[in-house]
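Engineer: Chains A and B, in that order, give the protein sequences. Going left to right, the first sequence walks through residues 6 to 357 as the working numbering numbers them. Going left to right, the second sequence walks through residues 6 to 357 as the working numbering numbers them. Ideal Cβ positions, reconstructed from N, Cα and C, are used throughout, including at glycine. One structure, as structure tokens, below. Some questions next.
Number of protein chains: 2
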Amino acid sequence: MTADSVTTAAPTPARHRPSVMDVARLARVSVGTVSNVLNRPERVSPRTRSRVESAIAELEFVPSESARQLRAGRARSVGAIVLDVGNPFFTALTRGVEDRIGADGLALLVSSSDDDPERENRALQLYEQHGVRGVLVTPASAERADLHALRARGTTVVLMDVDGEDELPSVSVDDVLGASLPVAHLLELGHRRIALFNGPLTIHQCADRLAGARLAVVNAGLDPDEVLVEMPLPSLNAEHGTLAAERLLALPESTRPTAIFCVNDLVALGALSTLVRAGVPVPDGVAVVGYDDVPWAAMLVVPLTTVRQPTHEIGWTAADLLLRLDGEDAVGPTRVRFAPELVVRRSSDPGA
Amino acid sequence: MTADSVTTAAPTPARHRPSVMDVARLARVSVGTVSNVLNRPERVSPRTRSRVESAIAELEFVPSESARQLRAGRARSVGAIVLDVGNPFFTALTRGVEDRIGADGLALLVSSSDDDPERENRALQLYEQHGVRGVLVTPASAERADLHALRARGTTVVLMDVDGEDELPSVSVDDVLGASLPVAHLLELGHRRIALFNGPLTIHQCADRLAGARLAVVNAGLDPDEVLVEMPLPSLNAEHGTLAAERLLALPESTRPTAIFCVNDLVALGALSTLVRAGVPVPDGVAVVGYDDVPWAAMLVVPLTTVRQPTHEIGWTAADLLLRLDGEDAVGPTRVRFAPELVVRRSSDPGA
DNA sequence: TAGGCTGCGTGAAACGATTCATTGAGTGTG
DNA sequence: CACACTCAATGAATCGTTTCACGCAGCCTA
């Protein structure tokens, strides 16, 4: 095949895309009728309808969404802004949103804010211009001024993975509970010194999980300051899990924690691998608990005890809430909070 | 806060969203001038411009993308259809697409086809109606009739992760090379019986990787039928990696492969964990190699040798290609193929 | 048979931005 | 002083739908 033949293979040169008028002409009806066939087929007699339908097929007519939207006022799309689509948590969230949105034949606009209010705002503006039906946001900045302004201008906003402290609707997970479950579990197993591989408390999830851990200790009638050993990590990845585990192993036997609660599974993986490589038996030497229940958590050499969050469901529910709010028949709760679930595996329980 | 006060807090009731006309009126200019301020500010005198700009600010004017698009003919958005946004590979791909698309201020429409031609086609129709500038697709079906039809109707189409056997532009990875690299590596280390934990050959990646494995053996002057032991898996997850590893361990010592090449890292994880738990030393007893280089591959108890694919770059490049093709100044290659890279770690090389 | 329905279809008026031929004011030149 | 020329700004036409007030048969009922 020569370069020429490739050129010739190019799509039909500048043929005008057919409009309702072209269809109407071919089917010998008015444009209104074509529109009716498209949107309220029951109002058109079968004869006429089939004539219009074959005209549509013959011309390969594709309705223009922008024209429809211009007239109808509302778009058939929804925007979602997450911290990072590359992160498994948000990935599952997005998939949940997509599943709900797609059921209504709506399109999903996605972008990542990278936790940068600047980027978040750019995406918000873009989506507002596109006239989306609403926006699902995992907010980057603590101050929600942009979001409130957007809402005031008429766009529905639903927060995800954050509890709407203000009056914005939201769908979130109870991180306090999510941390108290595994810590209670460790206490029950007899652990009395528990390390917390936590992240910076400016991240609200980290702050909530610290609170949850303390709560569990208090509920057990113990003193959190004695039981919990906070070991903050600058960044929540496996490397820092490794480093923190090494620091932990360097502690004298007498004061060394016998269990580690990690703020996520990646950190737990780093910690776990370090312990195993150092010859420390898990869970008998040191128990390890993670958070998130990533797909590979159950498959590690020592299967990982962890906390499962209903990520897909959060996304689905947030989208559902958005559509409900948009539907004017706004009934039902506007602030949903899911309970996470403890998944016990060998890394904490020798019997599992 | 009572339910009543919540109701009262609702956004301004049905206030009309301002249009260019409102802005023009307030700024005492014509609509054309407002449009110029928006799109070609340099053509407007500074005095007038600032008057218009403050009117825009005062009214909180947000231009309607659908009106713009209706007139301009082309949308400021791009569609992407992948097999599953929940899959890390596609997740990274999507992020690459987003990064390229976002740089041009375009919006990204995303959906998952779940490898279902039906769903894929629905998404294609939706995006065509939205008038997207082009569509990036990881095709579900082998037959590309819909895609060709779409292209013929004027929408730019770029395939991802698939080599454009037909004349459609594409961005892909060389899977044959991707499999031959690790197999050559294993042969070099002295392995003469290598198990292939592969998936169904109907998946083109699996077929290509089998071909690549055989190629490497042939290149080493050996007989593929003697060296390679194909152990097909019905599904590419960690559980089946575990099962296959158990089958492998059940083979008599004399014929048992000394190395496993897995079609992805999840399968490799299943295999690795099973070996370690069975007390088989890795890599000295059995070496393991994966594919994908997922974020946790380096952090396992035995860090995993694997093949890294430039996923982010594939997405970025595909989006870049799309925009170039759309730009009419269509120069440069329309079929890009990336080379994967072998990442050697301890699971194959004791010295690593 | 008049009057009132019902069911189908009609076609013009939006929707809100962009474009472009045109007007008008101001400036420099012969 | 008339003329050409530039730079700003104008405003009507346009994009492709949806909507809605009407018209027109045909049919039933009184």
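1) For A:Ala-128, which three-state DSSP category applies?
2) With distances taken between CB atoms, is the gap from B:Val-39 to B:Val-57 smaller than 8 Å?
3) Considering only residues of the same chain and omitting the five flanking positions on each side of A:Gly-91, which have a CB-CB separation below 8 Å?
4) Could you pull out every residue in the same chain whose Cβ sits closer than 6 Å to the Cβ of A:Gly-204, ignoring the five residues on either side in sequence?
5) Closer than 8 Å, Cβ to Cβ, to anything on chain A: give me those residues from the region 86 to 112 of chain B, in chain order.
6) Taking the alpha-carbon positions, what's the A:Leu-186 to A:Val-287 distance?
7) Tell me whether A:Asn-41 sits in a helix, a strand or coil according to DSSP, three-state version.
8) Can you check whether the C-beta of A:Trp-301 is within less than 8 Å of a C-beta belonging to chain B?
9) For B:Ile-106, which residues from the same chain have a beta carbon less than 7 Å from its beta carbon, with the 5 sequence-adjacent residues on both sides left out?
10) In three-state DSSP terms, what is A:Ala-357?
11) Hey, does B:Arg-340 have any beta-carbon neighbour from chain A nearer than 8 Å?
12) Mind checking who A:Asn-224 pairs with in its DSSP beta bridge?
13) Can you name the start and end residues of the alpha helix (DSSP H) that A:Glu-170 belongs to?
14) State whether the region 131 to 146 of chain B contacts the region 155 to 164 of chain B, with contact taken as three or more CB pairs (one from each stretch) at a distance under 8 Å.
15) Please go through the same chain and pick out, in chain order, the residues whose beta-carbon is closer than 8 Å to the beta-carbon of B:Ser-10, but skip the five residues on each side of it.
16) So with CB distances below 7 Å, who are the chain B contacts of A:Glu-65?
17) Note down, in chain order, every chain A residue with its Cβ under 7 Å from the Cβ of B:Val-28.
18) Answer yes or no: does any C-beta atom of chain B fall closer than 8 Å to that of A:Arg-22?
19) Nearest-angstrom Cα distance between B:Ala-14 and A:Met-165?
20) First and last residue of the beta strand (DSSP E) that includes A:Pro-237?
21) Count the C-beta pairs between the region 140 to 158 of chain A and the region 309 to 317 of chain A that are closer than 8 Å, then say yes if the count reaches three, no if not.
22) Kindly indicate which three-state DSSP category B:Ala-283 falls into: helix, strand or coil?
23) Would you say B:Gly-275 and A:Met-304 are within 8 Å of each other, going by their C-beta atoms?
24) So what does DSSP say about A:Ile-86, is it helix, strand or coil?
25) Are the C-beta of A:Met-304 and some C-beta of chain B separated by less than 8 Å?
26) Using 8 Å as the threshold, is the C-beta distance between A:Ala-154 and A:Val-181 below it?
27) Grouping DSSP H, G and I as helix and E and B as strand, with all else coil, what is B:Gly-139?
28) At a CB distance below 8 Å, what residues from the region 269 to 283 of chain A approach chain B? Give them in sequence order.
29) Please classify B:Ser-240: does DSSP put it in a helix, a strand, or coil?
30) So what's A:Asp-297 in DSSP terms, helix, strand or just coil?
31) In three-state terms, what does DSSP make of A:Arg-156?
32) So what does DSSP say about B:Ala-276, is it helix, strand or coil?
33) By the three-class DSSP mapping on this structure, what secondary structure does B:Leu-305 have?
34) Does A:Leu-113 come out as helix, strand or coil in the three-state DSSP assignment?
35) Rounded to the nearest angstrom, what separates B:Glu-103 and A:Leu-88 at their Cα positions?
36) From the DSSP output, read off the bridge partner residues of A:Ala-147.
Structural biologist: Considering the structure as presented:
1) Numbered from 1 along the first sequence, position 123 holds the residue referred to as residue 128 of chain A. In this structure, A:Ala-128 counts as helix in the three-state DSSP scheme.
2) Within the second sequence, residue 39 of chain B is the residue found at index 34, counting from 1. Within the second sequence, residue 57 of chain B is the residue found at index 52, counting from 1. Going by C-beta atoms, B:Val-39 is nearer than 8 Å to B:Val-57.
3) Residue mapping note: residue 91 of chain A aligns to position 86 of the first sequence, counting from 1. Within the same chain, and ignoring the five residues on either side of A:Gly-91 in sequence, the residues whose Cβ sits closer than 8 Å to its Cβ are Ser-117.
4) Translated into the one-based positions of the first sequence, residue 204 of chain A becomes position 199. Closer than 6 Å at the Cβ level, and outside the excluded window around A:Gly-204, lie Cys-211, Leu-238, Leu-241 and Val-268.
5) Of all residues in the region 86 to 112 of chain B, only Asp-89, Val-90, Gly-91, Pro-93, Thr-96, Ala-97, Thr-99, Arg-100, Glu-103, Gly-107, Gly-110 and Ala-112 place a beta-carbon less than 8 Å from a beta-carbon of chain A.
6) Residue numbering aside, residue 186 of chain A sits at position 181 when the first sequence is read from its first letter. Residue numbering aside, residue 287 of chain A sits at position 282 when the first sequence is read from its first letter. Roughly 20 Å between the two C-alpha positions.
7) In the first sequence, residue 41 of chain A corresponds to position 36, counting from 1. It is helical.
8) For the purposes of this step, residue 301 of chain A is identified with residue 296 of the first sequence, where counting begins at 1. Yes, its Cβ sits closer than 8 Å to a Cβ of chain B.
9) The count along the second sequence starts at 1 and reaches residue 106 of chain B at position 101. For B:Ile-106, where only same-chain residues beyond five positions count, the Cβ hits under 7 Å are Val-83, Leu-113 and Ala-324.
10) Within the first sequence, numbered from 1, the residue matching residue 357 of chain A stands at position 352. Coil, per DSSP.
11) The residue you call residue 340 of chain B lines up with position 335 of the second sequence. B:Arg-340 does not count as touching chain A.
12) Working through the first sequence from its first residue, we reach residue 224 of chain A at position 219. DSSP output for A:Asn-224 lists no bridge partner at all.
13) Your numbering for residue 170 of chain A matches position 165 in the first sequence. Here A:Glu-170 belongs to no alpha helix (DSSP H), and DSSP marks it neither H nor E.
14) yes
15) Taking the second sequence and counting its residues from 1, the one referred to as residue 10 of chain B is at position 5. In this prediction, B:Ser-10 has a pLDDT of 28, which is less than 50 and means its spatial position is unreliable; what the coordinates show is noted afterwards. Here the set comprises nothing.
16) If you number the first sequence from 1, residue 65 of chain A lands on position 60. Close to A:Glu-65, with beta-carbon spacing below 7 Å, are these residues of chain B in chain order: Arg-158.
17) For the purposes of this step, residue 28 of chain B is taken as the residue at position 23 of the second sequence. Ordered by position in chain A, no residue passes the 7 Å Cβ test against B:Val-28, which lies about 15 Å from the chain.
18) Residue mapping note: residue 22 of chain A aligns to position 17 of the first sequence, counting from 1. It does: the Cβ of A:Arg-22 has a partner Cβ on chain B nearer than 8 Å.
19) Along the second sequence, one-based indexing puts residue 14 of chain B at 9. Along the first sequence, one-based indexing puts residue 165 of chain A at 160. Legend: pLDDT at B:Ala-14 = 35, less than 50; position of this residue unreliable, value from coordinates given subsequently. Their backbone Cα atoms lie some 21 Å apart in a straight line.
20) To locate residue 237 of chain A, count along the first sequence from 1; it is residue 232. Element bounds for A:Pro-237: 233 to 237.
21) no
22) As a working mapping, residue 283 of chain B is identified with position 278 in the second sequence. B:Ala-283 falls in the coil class under three-state DSSP.
23) Translated into the one-based positions of the second sequence, residue 275 of chain B becomes position 270. Translated into the one-based positions of the first sequence, residue 304 of chain A becomes position 299. Yes, these two residues count as a Cβ contact at 8 Å.
24) Here residue 86 of chain A is taken as the residue at index 81 of the first sequence, counted from 1. Judged by DSSP in its simplified three-state form, A:Ile-86 adopts strand.
25) Working through the first sequence from its first residue, we reach residue 304 of chain A at position 299. Yes, its Cβ sits closer than 8 Å to a Cβ of chain B.
26) Here residue 154 of chain A refers to the residue found at position 149 when the first sequence is read from its first residue. Here residue 181 of chain A refers to the residue found at position 176 when the first sequence is read from its first residue. In terms of Cβ geometry, A:Ala-154 and A:Val-181 do not form a close pair [threshold 8 Å].
27) Translated into the one-based positions of the second sequence, residue 139 of chain B becomes position 134. Looking at B:Gly-139 - three-state DSSP - the assignment turns out to be strand.
28) Leu-271, Leu-274, Gly-275, Leu-277, Ser-278, Val-281 and Arg-282
29) Stepping through the second sequence from its first residue, residue 240 of chain B is reached at position 235. The answer is coil: DSSP assigns B:Ser-240 none of H, G, I, E or B.
30) Along the first sequence, read from residue 1 onward, the residue named residue 297 of chain A stands at position 292. DSSP places A:Asp-297 in strand when its eight states are reduced to three.
31) Within the first sequence, numbered from 1, the residue matching residue 156 of chain A stands at position 151. Helix at A:Arg-156.
32) Here residue 276 of chain B corresponds to residue number 271 of the second sequence, with the count starting at 1. Three-state result, B:Ala-276: helix.
33) Residue mapping note: residue 305 of chain B aligns to position 300 of the second sequence, counting from 1. B:Leu-305 falls in the coil class under three-state DSSP.
34) Position 108 of the first sequence, counting from 1, holds the residue named residue 113 of chain A. Of the three classes helix, strand and coil, the one that applies to A:Leu-113 here is strand, per DSSP.
35) Locating residue 103 of chain B in the second sequence gives position 98, counting from the first residue. Locating residue 88 of chain A in the first sequence gives position 83, counting from the first residue. Taking the straight line from one Cα to the other gives about 13 Å.
36) Counting from 1 along the first sequence, the entry for residue 147 of chain A is found at position 142. According to DSSP, A:Ala-147 bridges with nothing at all.
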